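Novice: Protein sequences appear in the order of chains A and B. With the numbering used here as the guide, the letters of the first sequence map in order to residues 1 to 84. With the numbering used here as the guide, the letters of the second sequence map in order to residues 1001 to 1693. The beta carbon of each residue, even a glycine, is placed where N, CA and C say it ideally should be. Please read these numbers as outputs of a predicted model, since none were measured by experiment.
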Amino acid sequence: MLEKLLKRLADGGAHTPESLARELGVSRDMVERMLADLERLGYLEAAGGACESKCAGCPSAAVCAVGTPQRVWALTDKARRKGF
Amino acid sequence: MRNHDEAARSVPSVLGACCADGSGPTQPVGPCTIRVALVGQPNVGKSTVFNLLTGLNQHVGNWPGKTVERKEGIHRCDGVDIQIVDLPGTYSLTANSLEERITRDYIIHERPDVVVMVADAASLERNLYLLSEILCLPAPVVLALNMVDVAQQQGLGVEPHVLEAALGLPVVPMVASKNQGVRELVDTVLRVYREGPRGVCRPDIREDHREVLAELVNLIAGSVPEPYPEDWVALKMLEGDDEITEMMRARLTPEQWEQVHRVLMKHEDAILAIAGGRYEWVRRMTRAALTVPKAGQITLTDRIDKVTTHPVWGLFVLLGVLGAIFWLTYTIGSPIQAFLDRYLIQAGAEWVRTALAGAPWWISGLLADGVIGGAGMVLTFLPILVIFFAVLGALEDIGYMARAAYVMDRFMHLMGLHGKSFLPLFLGFGCNVPAVMGARIVDSPKARLLTILVAPLVPCTARMAVVAVLAPIFFGAAAIWVSWGLIALSLAVLAVVGIALHELVLGGEHVAFIMELPLYHKPNARTIGLSVWQRTMGFVRKAGTIILIVSVVVWALSVLPHGEVDTSILAAVGRFLSPLGALMGVGWQMMVALLTSFVAKENTIATLSVLLGVGGEGAGLAQVLPTLLTPASALAFLVVQVLFIPCAATVATMRQETGSWKWTAFSVALLFILSFAVGIGVYQLALLTGWGV
Ligand SMILES: Nc1nc2c(ncn2[C@@H]2O[C@H](COP(=O)(O)OP(=O)(O)OP(=O)(O)O)[C@@H](O)[C@H]2O)c(=O)[nH]1
Ligand SMILES: [Mg+2]
């Protein structure tokens, strides 16, 4: 099922945990757990929270439109090397 | 530690001979003792069950050398002593945390007679994942399905019998906090102890991995220390478990290790299939046993998101929101801006001229035309920007921005842009500088470069404010459609440039990503107010510094050397550019205005105001501009303005972030050519069709 999820991601596009849950036929909670697993295994990486660490010196840091605490994940190079 | 271990391990020998309810041939010797371990995720009620069963018969210590509490106690029932250990809560059985190691080590080394897995019925799937791992360990398991009351409250239908049939394990529904089901749990534990385990349904391991596992078991056979089960060790090694792998590496000969290592490297990805198989198993186990209420689960957020994150409708909503922002700006902001222009700027300039009539001409010119006409004029943008900022802030606070970003990404992705790039690009709507800086989060250097190169094509608030001032002057009621069209055009150009560069620079790599969408909530006036205030202050600072300086310089260049605009240095520069302007029917003043917008976008207005606005008869830009440009030229001018080279601050940031003058120059040249090409194209098209000439 993890491979299915990664394949789905490799096809491209934007997903939410909800949309993935619907596609895989599991609960959102399960998807969260899978995402955490994939992150731990190095297939996904947290891409969000960009403004937490990397925007030092950014004039808009205080009022950043996307620096909200929501989480974003993207495939890592490792995942792509493995053919996903 | 040794003492304890030995004590614990010596128990089974005694045990094997007791509790002989017909199960064993030996006669009971002394009181019967069963050892039971309580495992489960944190906060599922393990300690509640433990306390209920052991009462005061418990003692609390620490796990040897560890700070995690070790709770043990005894429950007496029907002449049987049940020794219970309350293991720490864990989410899984990898060796990632202390709790996880304690739990699995306990089960392997101490071999409890029965493992009671306490599960939260309200999050059954997550709990069953842990169960799938526990089932790989050598112990009979009973599933204590706790918190049934909570599941009921949440409208979840959990069928213990169906689950039991699917799992092949005894399942005991319980509400431990109300002491329901605990008695049944004890009975079940005793029964399992006496009857031994049944045919448990374990997660499947894929055919090819089963072969690999067999190969591994072969390779490590004989080297696995007691009391580790060989197949479990092999499985853990295949999963990439560091602790177990290290243990085995120390025990194998270098040659053996070499072979094992080769197998492991070859199947480095096996963990995906193994863990994936567990998830698949969880889904299979819960499919029949768990019913999630359809209607009750669909929250308001879900319902709104059906539309706002829909690939098609979501885009319409986004465009509608943009349209609404402009509508608000034009119905409230622009009239106030026009009012301020007339009664503050024009009247103020007039007043300065009268008051300073006796002073040298350049003093009143500098103040009235340069300072008031230039920087002062830009300050009249304030109402427009406050509206932009307030709407932006409100949308952020409600939670819509995340959806907008999500929809945008879907859309950008179609154009082949890097999935992560949307984050910085989205910042570009506020200001291009953070958009360029934000590209740092894109780790592939090529994708980062691409993001930086297209970032200036995102229309920033300063550009939109210029459009918001100029569009009503030229187009009156149609201004809203023109502005909307200009944004759409920017994004379309961004798409085309993105696709082209993507194919050229990136070679068409596809990247996906997952984004969590926050729940919608009521906007908070304080949060919005703060964001408006900070952004507005940033703008005022800019008007008071860089825009003021440019206004004064533009004014000076417009009167030097002879005190006449027509013979000024600025006019000479403008005339140099006028052949280009002629292609779209705009005069040299407009070209100069564009040029100064390089310093800061708002300077377009400041410059036009210095050059044309604060004229003799108190006629403002609103009166003068329409007489200078046909609608076709005006549209072409706005197109160039929106697509033009970004402001100096953005260019400087591009240089800093790319670390290359070459790419910076490429971007400037690209945008220069692109903006005029599109602008001239629009004008020529208008001429051809006879519109607005
Ligand atoms: N509603 C409800 N609450 C329960 C039930 N069982 C336990 N609780 C409550 O759940 C909370 C957590 O229970 P604990 O027994 O401390 O959980 P635990 O599994 O020992 O947690 P850790 O020690 O952190 O791993 C307590 O407040 C209990 O009162 C139940 O069946 N229904
Ligand atoms: Mg506890």
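Cα-Cα, which of B/Phe1598, B/Leu1628 and B/Asn1603 is closest to B/Leu1671?
Specialist: For the residues B/Phe1598, B/Leu1628 and B/Asn1603, the minimum Cα distance to B/Leu1671 belongs to B/Phe1598.
Novice: So, is the C-beta of B/Arg1283 closer than 8 Å to a C-beta in chain A?
Specialist: Yes, B/Arg1283 counts as interfacial toward chain A.
Novice: When the cut-off is 8 Å and only beta carbons count, does B/Glu1125 lie next to chain A?
Specialist: At least one chain A Cβ lies under 8 Å of B/Glu1125.
Novice: Excluding the 5 residues flanking B/Ala1234 on each side, which residues of the same chain have their C-beta closer than 8 Å to its C-beta?
Specialist: Hits under 8 Å: Leu1213, Leu1216, Val1217 and Ile1220.
Novice: Applying the 10 Å Cβ sphere with the 16-neighbour rule, what's the burial state of B/Pro1561?
Specialist: It is exposed - the Cβ of B/Pro1561 has fewer than 16 other Cβ atoms within 10 Å.
Novice: Taking 8 Å as the threshold (beta carbon to beta carbon), is B/Leu1612 in contact with chain A?
Specialist: So no, B/Leu1612 is outside the interface.
Novice: Does the beta-carbon of B/Ala1151 have 16 or more other beta-carbons within 10 angstroms, so that it is buried, or is it exposed?
Specialist: Answer is buried; the Cβ neighbour count reaches 16.
Novice: Establish whether the CB of A/Glu3 and some CB of chain D are separated by less than 8 Å.
Specialist: Among the chains of the structure shown, chain D does not appear; the protein chains present are A and B.
Novice: Which whole-angstrom value is the C-beta distance of B/Val1036 and B/Gln1083, which I expect to be below 8 Å?
Specialist: The pair is a contact, with the Cβ atoms about 7 Å apart (cut-off 8 Å).
Novice: Whose CA, out of B/Thr1331, B/Lys1306 and B/Arg1440, lies closest to the CA of B/Ile1387?
Specialist: Answer by Cα proximity: B/Thr1331.
Novice: Count Cβ pairs between the region 1476–1491 of chain B and the region 1309–1328 of chain B that sit closer than 8 Å; are there 3 or more?
Specialist: Yes: at least three Cβ pairs fall under 8 Å.
Novice: Determine, using beta carbons only, whether A/Gly25 comes closer than 8 Å to chain B.
Specialist: Answer yes: the Cβ-Cβ gap between A/Gly25 and chain B drops below 8 Å somewhere.
Novice: Between the region 1251–1280 of chain B and chain A, which residues of the former have a C-beta closer than 7 Å to a C-beta of the latter?
Specialist: Taking 7 Å as the Cβ-Cβ cut-off against chain A, the residues of the region 1251–1280 of chain B that qualify are Asp1269, Ile1271, Leu1272, Ala1273, Ala1275, Gly1276, Tyr1279 and Glu1280.
Novice: Roughly how many angstroms lie between the CA atoms of B/Leu1053 and B/Tyr1193, to the nearest whole one?
Specialist: For B/Leu1053 and B/Tyr1193, the distance between alpha carbons rounds to 17 Å.
Novice: Can you tell me whether B/Gln1041 is helix, strand or coil according to DSSP?
Specialist: DSSP places B/Gln1041 in coil when its eight states are reduced to three.
Novice: Can you check the region 1145–1212 of chain B for any alpha helix (DSSP H) of at least 4 residues that lies completely inside it and give the ranges in chain order?
Specialist: As far as the region 1145–1212 of chain B is concerned, its whole alpha helix (DSSP H) runs of at least 4 residues are 1148–1153, 1160–1167 and 1182–1195.
Novice: For B/Gln1684, which option in B/Met1654, B/Val1639 and B/Ser1660 has the closest C-alpha, if you only look at C-alpha atoms?
Specialist: The shortest C-alpha separation from B/Gln1684 is found at B/Val1639.
Novice: Quick check: is any heavy atom of ligand 1 less than 7 Å from the C-beta of B/Asn1146?
Specialist: Checking the Cβ of B/Asn1146 against ligand 1 gives yes.
Novice: Return helix, strand or coil for B/Trp1063, following the three-state DSSP convention.
Specialist: B/Trp1063: coil per DSSP, three-state reduction.
Novice: Does any residue of chain A bring its CB to less than 8 Å from the CB of B/Val1312?
Specialist: So, not an interface residue.
Novice: Using the C-alpha atoms, what's the distance from A/Ser19 back to B/Met1591?
Specialist: Looking at the two C-alpha atoms, the distance is approximately 50 Å.
Novice: Would you mind sorting A/Gly83 into buried or exposed? The rule is 16 or more other CB atoms within 10 Å of its CB.
Specialist: By the 10 Å Cβ count, A/Gly83 comes out exposed.
Novice: Starting from B/Val1292, find everything on chain A with Cβ-Cβ shorter than 9 Å and list it in chain order.
Specialist: Within chain A, the residues near B/Val1292 are Ser27.
Novice: Which runs of the beta strand (DSSP E), 3 residues or longer, sit entirely within the region 1333–1380 of chain B?
Specialist: Listed in chain order, nothing qualifies, since the region 1333–1380 of chain B has no complete beta strand (DSSP E) run of 3 or more residues.
Novice: Just to confirm before moving on: does the CB-CB distance between B/Gly1376 and B/Trp1555 stay below 8 Å?
Specialist: No, these two residues do not count as a Cβ contact at 8 Å.
Novice: Does any C-beta atom of chain B lie closer than 8 Å to the C-beta of A/Arg33?
Specialist: It does: the Cβ of A/Arg33 has a partner Cβ on chain B nearer than 8 Å.
Novice: As a quick check of your reading: which residues have a C-beta less than 7 Å from at least one non-hydrogen atom of ligand 2, in chain order?
Specialist: For ligand 2, the selected residues are B/Lys1046, B/Ser1047, B/Asp1086 and B/Gly1089.
Novice: When the Cα atoms are used, what is the spatial distance from A/Thr76 to B/Ile1274?
Specialist: Cα-Cα distance, rounded: 20 Å.
Novice: Give me, in chain order, the residues of the same chain whose beta-carbon lies closer than 7 Å to that of B/Thr1094; leave out the 5 immediate sequence neighbours on both sides.
Specialist: Within the same chain, B/Thr1094 has close Cβ partners Glu1100 and Asp1241.
Novice: Comparing alpha-carbon positions, which option in B/Ser1334, B/Gly1358, B/Gln1337 and B/Ile1372 lies nearest B/Ile1345?
Specialist: Ranking the options by Cα distance to B/Ile1345, first place goes to B/Ile1372.
Novice: Answer with yes or no whether the minimum CB distance from A/Lys82 to chain B is below 8 Å.
Specialist: Chain B, which has a Cβ nearer than 8 Å to the Cβ of A/Lys82, makes this yes.
Novice: DSSP has B/Val1114 in a bridge; who is on the other side?
Specialist: Bridge partners of B/Val1114: B/Val1036.
Novice: Can you pull the DSSP bridge partners for A/Leu75?
Specialist: According to DSSP, A/Leu75 bridges with A/Leu44.
Novice: State the Cα-Cα distance for the pair B/Thr1461 and B/Leu1427, rounded to the nearest angstrom.
Specialist: Approximately 11 Å, taken between the alpha carbons.
Novice: Counting only C-beta atoms, is B/Asp1409 closer than 8 Å to chain A at any point?
Specialist: It does: the Cβ of B/Asp1409 has a partner Cβ on chain A nearer than 8 Å.
Novice: Can you tell me whether B/Asp1269 is helix, strand or coil according to DSSP?
Specialist: Residue state, collapsed to three classes: coil.
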